[in-house]
Structures are given as structure tokens and as C-alpha cells.
Amino acid sequence: MAHTVLLDNIETRHYINGAFSCSSDGATFQLESPYSHEKIADVSEASIEDTNRAVAAAKAAFAAWSNLDIPTRGGYMRKMAILIREASQELAQLDALSMGRPISSYFDANYAAEQMDHYAEAGWEARGETSLNTPGFVNMTFRQPYGPVAIIIPWNIPVAMWASRVAPALAAGCTVVLKSSEKAPLSSAKLAALAHRAGFPPGVINVLSGHGTPCGSTLASHMDIRVINFTGSSATGRLVQAAASSSNLKKVILELGGKSPTLVFDDVDIEGVTADMAKSVLFNSGQTCMASTRIYVQESIAESFMSAFVKIFSAARKGDPLNPNTEIGPQADKKQFEQIKAYLATARFDATSKLLTGGRASHEAGDGGYFIEPTAYCHVAENAKTQREEIFGPFVNINVFKTESEAIKKANATEYGLYASVYTKDLSRALRVAKAFESGFVGVNCTSPTSPPDMPFGGYKCSGQGREGLGHSLSEYLEFKSVVVKLETTATNVD
Ligand code: NAD
């Protein structure tokens, strides 16, 4: 399927202090299509020097940006929202080319524009409180921006991640240095070009491309970064947290991985639930943090549920991510593909489990792209590797339960806690289960990717700390300051 993006015309450089530049040492990394293996671009790899330069630019721009009035800051963001909407098709194609994201389910540009529009106004919400509760004092809190913020994003929904982290930081008055993922750097560089066109002052938004080391680790340990917002795997999140602790104890916001459970009770409409479950596991070719990859179904409907699920799950149309009819694309790159293949190999040797469908990489079957067949196993041991670890591919385990308490115990027996869901017509049971889940987000009679933008999103346990969402993200970038004012006793108020 043809794309309209001209490959020799795409932005591959860093955006630092209002200008595009190659890496200080000229280093690049090669990006190839996971579908066709065609070379897409040589992308600039940020050095420590580039990273330091971007942080210095953000630091220098901070005072002026944080002192601008809200309508002026908002004006840049509103312009950016317009430009993002205009570039929507191009952004979708850049992600399809670099990490195989099917354009059929591309919502990111619209979502990103909405974030910009919302935060163009939301700066007004940065207000403190007053207290007259201490006699002889008027006390108040100020909410003030922390300073330069580092934002590190993953590759799976890069445009949505970019905007939902950058917009609230800017609205709070912070300046940002964003590092894109090495698997999907092009849409982030395109957004940098749009920010340039929107006219943001130099240094307010800086965008770097490159790998975790040296760029990401330099940001995490940088003494001039005051907040780091990291979205990615729990393993890398730990490294970021450790680097923050051993440098300047910067504030750390972590949005990490998941291994989301869904409980399906025997009073549900099976067809509707299986359609939801297949969508959850297959969305973005299974590369979603909140995918419902551990299904627990009540014993009396287990057999009919599994056969209905397999029918819909295995029928997903795979193909070119640029084709609007494609439902599942290739995995993001060779590394991701090989990781999932290793899980497929482990699953084959699992003594108790039974393969319901899939189980192979299509690559092995002579297909060129990095495709994995939608794979479902049932009766998987709770301590099996594929039941405990995040696979990040079109892979789901379906287990059977008898009682509510057994199901809750199994659902919570994980270090992850990002999204959980329950299907039942019994409202009391639904709310009992919702309360019992150790999870930052719960779907009742719906599941991921359902996540309304004004609900706080984030993880319990190893799935993260902090919450994102309209009405919630802004305060993450605002420091509290308590100001206590002692009043003079005058003749008037002594009376
Ligand atoms: P990853 O942890 O491999 O990489 C994430 C980002 O961190 C990339 O930009 C990478 O270059 C950078 N990085 C790598 N090493 C680093 C280091 N030492 N210091 C600083 N930065 C470093 O994750 P990924 O493969 O890009 O993304 C997939 C993961 O992201 C999954 O675990 C998924 O669940 C998670 N995710 C979570 C959410 C959420 O909102 N909770 C959303 C999307 C993805």
C-alpha cells in the first residue's frame, strides 16, 4: 500500500533550542519497516553533549515561559492542535512505517490535538489555597512549576504519549526535553517540526531521538531536570527511579507495564464479551500496556466462551499497516518479534497448558514481516512465565475459576496493577470485585483500551506511580509552596 510521506523529506534530527540539528558526533541509527524491511531513515542518535545542550536550553527558557500569561502560552498550544489535526494522516503513516502501527485504529493525532486544546485553557487551574485557620495569620499556598522536565516515551502510541505528557507540563509553566523511542522516532520529530511552526519560543520544547543509553540515562540522572515523566517497561522504570535517587532526587512519574486480568462470570452475553476481549488483546497488534492478557472465565461457560473467543480472535485480518483494512500489523521490530517468539517457545513446553489457537510466528511460515499469529492458551499454571510476565504481543491466557474469591485472588497475584476488568450482570458483584482489584483502573462490563481521557490513569504496584489524565496531570508539574503571613495587630482590629 502506498504512503504519501516522502522518505527523503522526513525530519530525523534533534530539535534543540528552536533549531533542528544532527548529533554532535554525527551518529545515527537505522530504522527499517517491520513489514517490508525497507530502510526508512537514518535517525540522529543523541549524544551526552546533545542531551546536555537540550537541558541547558530548557533551563534557559524556563523563567520567561513560566512568567508568560496563560492566554499567550495557550495560544501556542491551540496553534499546535490545529497543526496536529492537519498532519494527522502523515503522523499515522510515520508510525505505520517505523513500528507497524495499523492506520485503521489510529486515534493518536486527534487525541493529541485534544490534549493541546484542553491544556491551552487548563493553565488557569494552577491555583493555590488560602487558610484563615490560624489566628493572627493569613496563610496561602502557591502552585509553581518545578522547572525543566524530562519526558521519556515508548514507541507503541508515541503521538498520544508525546502530547499527553508535554501539554500539561507546558500548561504548568515547565519547559521540556522529550526523548522519543528508538523504535518510533519519526512522529515525535514531526511533532517537533509542528511545535516550531506553532512558534513556541526557543528552548521551551526540545525533542531528542536515540536509545536509552546515553540519552535517556543522562536525562534521568541530570542535575538540572526537576521532574522526569517516564513511560515504558517496569524494568527500565526501576533504572530511571534509581538514577533519579542517586542524582538530585528529582520527582519521578512512572507509567509502566501491565498483565491485566479480566474476570468473566457466567451471567454474561458471551458474544459481546469475546468481541471486547479480542479487541483488547489485538489492539495495536497486542502492544498495549493495558491489554487484557489474563482472562479468567467461570467454569460453567468456559467451553463455550473459549470456542467463541477463538473464532473471533483468530479471524483478525493481518497485513500491511498502511492498508486501512488491516486489523493487525507486524510487531514493532526484530527485537520485539524475537522476544515474543521466546515466549511462544516457553509456552510450548508448559506441562499443563493447552494451545487454543496460533502459537507461531508467521515469519517462520515464510511471511516477510515480523508477524505473530494471535495466540491463546488455556489452563495455564499461575506460576508459568507467560502468565506472570508482560509479553507485549497478541498473546492471551484463558484460565477457569469456580468462585468469586478464587478469581480475585488469582487476578491480584501479580506485581502489575494497571488495568483490570469484570463482566457480570450482577451490579453488587461487579462493585465488590472492582473494590477488590489491586489495579489503578477498572472496567465493568468493558475492558481496555476503554479509558476516558478525564479519568486518572496509572498503576498500582510495579505498574507505576502518579496519574495522568485531563484534570489530573497538571498538578504533577506544580510544586506546592506554603506562605504564612503574620498580621500586625492594629488599633482597628484590637477593637
Ligand atoms: P522500554 O522500557 O524498553 O523503553 C521506554 C523508553 O525508555 C524508550 O524511549 C527507551 O529508549 C528508554 N530507555 C531505555 N533504557 C533507558 C534508561 N536506562 N534510562 C532512561 N531511558 C531509557 O519500553 P518500550 O519497549 O519502549 O515500551 C513498552 C513498555 O511500555 C511496556 O512495558 C508497556 O506496558 C509500557 N507502556 C506503559 C504505558 C502506561 O501508560 N502505563 C503506556 C505505553 C506503554
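With the numbering used here applied, the sequence shown covers 19 to 513. All C-beta atoms, glycine included, are put in the ideal place defined by N, C-alpha and C. Keep in mind that this is a model prediction, so the values were computed, not measured.
Non-local beta-carbon contacts of Glu200 in its own chain, meaning distances under 6 Å to residues more than five positions away in sequence, involve His229 in chain order. Going by beta carbons, Trp180 and Ser206 fall inside the 7 Å limit. Assignment of beta-bridge partners to Ser500 by DSSP yields Thr159.
Beyond the five residues adjoining it in sequence on each side, Gly154 comes within less than 6 Å, by CB distance, of Leu505 in the same chain, given in chain order.
Contact between Ile390 and Ile358 holds, with the beta-carbon distance rounding to 5 Å and staying under 8 Å. Counting along the chain, Ile346 sits inside no beta strand (DSSP E), nor does DSSP assign it H or E at all. In the DSSP assignment, Ser469 falls outside any alpha helix (DSSP H), carrying neither H nor E. In the structure shown, the three-state DSSP call for Arg256 is helix. Restricted to the stretch 271–333, the beta strand (DSSP E) segments that are unbroken, complete and at least 3 residues in length are 279–282 and 312–316, listed in chain order.
Its chain contains Tyr395, Cys396 and His397 as the residues whose beta carbon lies nearer than 7 Å to that of Lys372, once the 5 sequence neighbours on both sides are disregarded; these appear in chain order.
The beta carbon of Glu56 lies closer than 8 Å to those of Glu50 in the same chain, with the five residues before and after it left out. Annotation: the continuous alpha helix (DSSP H) that includes Thr364 extends over Lys352 to Arg366. Between the alpha carbons of Ile426 and Ala454 lies a gap of roughly 7 Å.
Here Gly461 has Ser439 and Thr468 as same chain residues with Cβ atoms under 6 Å from its own Cβ, once five neighbours each way along the sequence are excluded.
CA-to-CA, the gap between Ala379 and Arg335 works out to about 15 Å. With respect to Ser106, Asp68 sits apart: the two C-beta atoms are not nearer than 7 Å. Annotated three-state conformation of Phe80 is helix, per DSSP.
Scanning the stretch 63–125 from its first residue to its last, the whole alpha helix (DSSP H) runs of 4-plus residues come out as 66–85, 88–104 and 106–117. Taken in chain order, the complete beta strand (DSSP E) segments of 3 or more residues contained in the stretch 367–417 are 372–375 and 393–396.
Where Lys427 is concerned, the enclosing alpha helix (DSSP H) starts and stops at Glu422 to Asn430. Fewer than three beta-carbon pairs drawn from the stretch 257–277 and the stretch 289–296 are found closer than 8 Å, and the two stretches are therefore not classed as touching. Excluding its 5 nearest sequence neighbours in each direction, Asp43 has C-beta neighbours in its own chain below 8 Å: Ser65 and Glu67, listed in chain order. The DSSP-derived three-state label of Leu49 is strand.
Distances taken from the Cβ of Ile390 to the heavy atoms of the ligand NAD include none shorter than 6 Å.
When DSSP assignments are scanned along the stretch 183–233, the uninterrupted stretches of beta strand (DSSP E) that are 3 or more residues long and fall wholly within it turn out to be 194–197 and 223–226. Fewer than three pairs of CB atoms, one per stretch, sit closer than 8 Å, so the stretch 210–217 makes no contact with the stretch 230–241.
When C-alpha distances from Ala140 are compared across Val503, Asp472 and Gly484, the shortest belongs to Asp472.
Rounded to whole angstroms, Lys208 and Val225 show a C-alpha spacing of 10 Å. Ala131 sits buried, since 16 or more C-beta atoms from the chains shown fall within 10 Å of its C-beta. With respect to the C-alpha of Gly387, the residue from Met117, Gly36 and Ala82 having the closest C-alpha is Met117. The Cβ atoms of Ala76 and Val195 lie closer than 7 Å to each other.
Only residues of its own chain outside the window of five on either side were considered, and among them Met179, Trp180, Arg183, Leu196, Lys197, Ser198, Ser199, Ser206, Thr249 and Gly250 have a CB closer than 8 Å to the CB of Ile171, listed in chain order. In this structure, the ligand NAD has a non-hydrogen atom nearer than 6 Å to the beta-carbon of Pro172. A straight-line Cα-Cα distance of about 28 Å links Gly146 and Val73. Distances from the CB of Thr236 to the heavy atoms of the ligand NAD are all 6 Å or more.
Leaving aside the five residues that flank Ser481 on each side, the residues in its chain whose CB is nearer than 6 Å to its CB run, in chain order, Leu274, Gly276, Tyr434, Gly435 and Leu436.
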